[in-house]
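For the sequence shown, the numbering used here assigns the number 297 to the initial residue and increments by one for each residue that follows. All C-beta atoms, glycine included, are put in the ideal place defined by N, C-alpha and C. Remember, it's a predicted structure, so these values are computed and weren't measured experimentally. Below: the structure, in structure tokens.
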Amino acid sequence: MVTRELPGAATSELSLFDRPEGGERALLVHLDTERSGVADALDELHALAESAGAEVIDSFVSRRTSPDPRYYIGSGKVEELAALVAAGDADLVLVNHALSPSQERNLEQQLGCRVLDRTGLILDIFAQRARTHEGKLQVELAQLRHMATRLVRGWSHLERQKGGIGQRGPGETQLEMDRRMLGVRIKQLEKRLARVRQQREQGRQSRRKQEVPTVSLVGYTNAGKSTLFNRLTEASVYADDRLFATLDTTLRRVHVASGDTVILADTVGFIRELPHQLVAAFRSTLEEATESQLLLHVIDAGEDNREASITEVESVLESIGAAEIPRIRVYNKVDRTSREPGVSVDPETGITDVWVSAHDGRGMDLLLSAIADSVAAERVRGRICLDPAQGRLRSRFFDLGEVLGEDWTESGELVLEVELRRRDLDRLYEKEGLTAPLQAV
Numbered sequence: 297m298v299t300r301e302l303p304g305a306a307t308s309e310l311s312l313f314d315r316p317e318g319g320e321r322a323l324l325v326h327l328d329t330e331r332s333g334v335a336d337a338l339d340e341l342h343a344l345a346e347s348a349g350a351e352v353i354d355s356f357v358s359r360r361t362s363p364d365p366r367y368y369i370g371s372g373k374v375e376e377l378a379a380l381v382a383a384g385d386a387d388l389v390l391v392n393h394a395l396s397p398s399q400e401r402n403l404e405q406q407l408g409c410r411v412l413d414r415t416g417l418i419l420d421i422f423a424q425r426a427r428t429h430e431g432k433l434q435v436e437l438a439q440l441r442h443m444a445t446r447l448v449r450g451w452s453h454l455e456r457q458k459g460g461i462g463q464r465g466p467g468e469t470q471l472e473m474d475r476r477m478l479g480v481r482i483k484q485l486e487k488r489l490a491r492v493r494q495q496r497e498q499g500r501q502s503r504r505k506q507e508v509p510t511v512s513l514v515g516y517t518n519a520g521k522s523t524l525f526n527r528l529t530e531a532s533v534y535a536d537d538r539l540f541a542t543l544d545t546t547l548r549r550v551h552v553a554s555g556d557t558v559i560l561a562d563t564v565g566f567i568r569e570l571p572h573q574l575v576a577a578f579r580s581t582l583e584e585a586t587e588s589q590l591l592l593h594v595i596d597a598g599e600d601n602r603e604a605s606i607t608e609v610e611s612v613l614e615s616i617g618a619a620e621i622p623r624i625r626v627y628n629k630v631d632r633t634s635r636e637p638g639v640s641v642d643p644e645t646g647i648t649d650v651w652v653s654a655h656d657g658r659g660m661d662l663l664l665s666a667i668a669d670s671v672a673a674e675r676v677r678g679r680i681c682l683d684p685a686q687g688r689l690r691s692r693f694f695d696l697g698e699v700l701g702e703d704w705t706e707s708g709e710l711v712l713e714v715e716l717r718r719r720d721l722d723r724l725y726e727k728e729g730l731t732a733p734l735q736a737v
């Protein structure tokens, strides 16, 4: 299921790890340090394993107050786990936690089979799901960054030195060579993704000039974002009832209830303990959410543990700088509950929650109306006076593509008529030194 070879490696001599081969028969391992939520944690790990294509044969739970520094689950539990692996003829052990390189190596030596932690499992799923050029670059970068942390002394072949004619000294060890090759490839990928990020920013600037707001779907994986996206846009984005069915961001135009047009963006799903390598690698994709005028936080209305999922999504949004963006909670899959489609309204902020079913289309009219109201309330229009020395601020307004007209007063002040997102205006006041008030037209 998972391979560990350096990009471009032509022979097995360049493989990173002298480790047991992977397979499809998997045994799940979870360490319970809080004595709560074990069933939910194992259910999610089981879903991740199946999404990766593994055949789950059994599960194993260890209880400790804190992880063991050598084996994570404790030396005594390792013996029990080894017997379970042998009895079930398991090819792979999936640990529902992030393991250190030494813990992963020690477990493999004791169990005699491949060990993969939660981060490695999610990276494997992402590698299978990536379809676009950008998505493949992002996943490869995340894999290599994770792989770099696995280069520890302990696999015998890493100590071999490579010398020869024309090289000074005894040469470099395999470990040093692997690190150097990884570093070169990581730099190449970062440069290529920087170009992709620049292209995305050009696209966003074009949409700003056309005054087309962006609305992004965010939420926990398998909450029904892609199904909802297809229902609203009449697109045919791949959707399936499994974790991380789609990774690549898709943009489509949607006509909302007011007759206006918005760009709807379907983004990658979040999950508990989302590997930081993925957050960093998918930076350009996640920026679609951070640059949106509105977020639709899609929630599985029938999920028993949905509050924990909501908290996790909010945490990720805060980490990527999207915590202050206006949002509407969209409770999807009401067809699986007794709840009817509807809305919840706050007297001050307007619609806060919408209950819909992307499966049968109920509540879509309510959601489109809520989007129209929120996007309209997000934009402000007026006139603003700038001093002749504030040329930078004038350029910033034009960069945002929101200048409707400009004129000069007899005293030499520049008057701009602008229409822009309230969030962009707030940023100009906060970060660009804008002090003049916006006057209503």
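Comparing C-alpha positions only, which one of the options sits nearest to residue i?
{"i": "Val435", "options": "Thr607, Glu486, Gly701", "result": "Glu486"}
{"i": "Ala561", "options": "Leu570, Glu698, Thr545, Val552", "result": "Thr545"}
{"i": "Thr563", "options": "Ala618, Leu734, Ala732, Leu513", "result": "Leu513"}
{"i": "Pro335", "options": "Asn526, Ser355, Ser634", "result": "Per the sequence shown, the amino acid found at residue 335 is Ala instead of Pro. It is Ser355 whose Cα lies nearest to the Cα of Ala335."}
{"i": "Met660", "options": "Gln735, Glu530, Val612, Leu433", "result": "Glu530"}
{"i": "Glu603", "options": "Leu682, Glu620, Arg625", "result": "Arg625"}
{"i": "Arg481", "options": "Leu440, Glu497, Lys521, Arg493", "result": "Leu440"}
{"i": "Gly431", "options": "Val594, Leu582, His593, Val609", "result": "Leu582"}
{"i": "Thr633", "options": "Arg496, Gly678, Ala597", "result": "Ala597"}
{"i": "Ile418", "options": "Val630, Glu569, Ala672, Thr705", "result": "Glu569"}
{"i": "Lys629", "options": "Arg527, Arg677, Ser670", "result": "Arg527"}
{"i": "Glu375", "options": "Asn402, Ala438, Gly520, Arg475", "result": "Asn402"}
{"i": "Leu591", "options": "Thr361, Ala666, Pro365", "result": "Ala666"}
{"i": "Ile621", "options": "Ile595, Arg635, Val671", "result": "Val671"}
Given residue i, which residues of its chain have a CB within under 6 Å of its CB, disregarding the five upstream and five downstream residues?
{"i": "Ile567", "result": "Thr517"}
{"i": "Ala618", "result": "Ala585, Thr586"}
{"i": "Arg658", "result": "Pro637"}
{"i": "Thr648", "result": "Ser640, Asp642"}
{"i": "Arg446", "result": "Pro397"}
{"i": "Leu734", "result": "Gly678, Ile680"}
{"i": "Ala322", "result": "Ala345, Ala350, Val352, Leu388, Leu390"}
{"i": "Gln399", "result": "Tyr368"}
By the 10 Å Cβ neighbour count, where 16 or more other Cβ atoms means buried, how is residue i classified, buried or exposed?
{"i": "Gln589", "result": "buried"}
{"i": "Tyr627", "result": "buried"}
{"i": "Ala382", "result": "exposed"}
{"i": "Pro684", "result": "exposed"}
{"i": "Glu455", "result": "Caution applies to Glu455, whose pLDDT of 48 falls short of 50 and renders its modelled position unreliable; the value that the coordinates give is listed next. Classification for Glu455: exposed."}
{"i": "Glu728", "result": "exposed"}
{"i": "His551", "result": "exposed"}
{"i": "Asp642", "result": "exposed"}
{"i": "Gln501", "result": "exposed"}
{"i": "Ser707", "result": "exposed"}
{"i": "Val651", "result": "Note that residue 651 is Trp in the sequence shown here, rather than Val. Trp651 comes out buried."}
{"i": "Leu700", "result": "exposed"}
{"i": "Pro509", "result": "buried"}
{"i": "Asp413", "result": "buried"}
{"i": "Gly571", "result": "Per the sequence shown, the amino acid found at residue 571 is Pro instead of Gly. So Pro571 ends up on the buried side."}
{"i": "Lys483", "result": "exposed"}
{"i": "Thr415", "result": "buried"}
{"i": "Thr607", "result": "exposed"}
{"i": "Gly687", "result": "exposed"}
{"i": "Arg427", "result": "exposed"}
Using three-state DSSP, classify residue i as helix, strand or coil.
{"i": "Ile421", "result": "helix"}
{"i": "Leu528", "result": "helix"}
{"i": "Ser615", "result": "helix"}
{"i": "Thr586", "result": "helix"}
{"i": "Leu734", "result": "coil"}
{"i": "Arg402", "result": "The identity of residue 402 in the sequence shown is Asn, whereas the question assumes Arg. Helix, per DSSP."}
{"i": "Ser634", "result": "coil"}
{"i": "Ala444", "result": "helix"}
{"i": "Leu696", "result": "coil"}
{"i": "Ile621", "result": "coil"}
{"i": "His393", "result": "coil"}
{"i": "His326", "result": "strand"}
{"i": "Gly729", "result": "coil"}
{"i": "Glu599", "result": "coil"}
{"i": "Ile647", "result": "strand"}
{"i": "Ala379", "result": "helix"}
{"i": "Ser358", "result": "strand"}
{"i": "Ser640", "result": "strand"}
{"i": "Asp703", "result": "strand"}
{"i": "His593", "result": "strand"}
{"i": "Ser512", "result": "strand"}
Leaving aside the five residues before and after residue i along the sequence, list all residues of the same chain whose C-beta is less than 7 Å from its C-beta, in chain order.
{"i": "Arg692", "result": "Leu724, Glu728"}
{"i": "Ala378", "result": "Gln406, Leu407"}
{"i": "Asn601", "result": "Asp336"}
{"i": "Leu341", "result": "Leu324, His326, Leu390, Asn392"}
Excluding sequence positions up to five away, which residues of its chain have a Cβ less than 8 Å from the Cβ of residue i?
{"i": "Ile559", "result": "Arg503, Val508, Pro509, Thr510, Val511, Leu547, Arg548, Arg549, Val550"}
{"i": "His761", "result": "Since the first residue shown for the chain is 297 and the last is 737, residue 761 is missing from the structure and cannot be characterised."}
Pairs of beta-carbons, one from the segment 361-379 and one from the segment 339-347, closer than 8 Å: are there three or more? The segment 361-379 vs the segment 339-347: no contact.
Tell me, please, whether the segment 646-660 touches the segment 695-714 by the rule of three or more beta-carbon pairs shorter than 8 Å. The way I'd put it, the segment 646-660 doesn't touch the segment 695-714; fewer than three beta-carbon pairs between them come closer than 8 Å.
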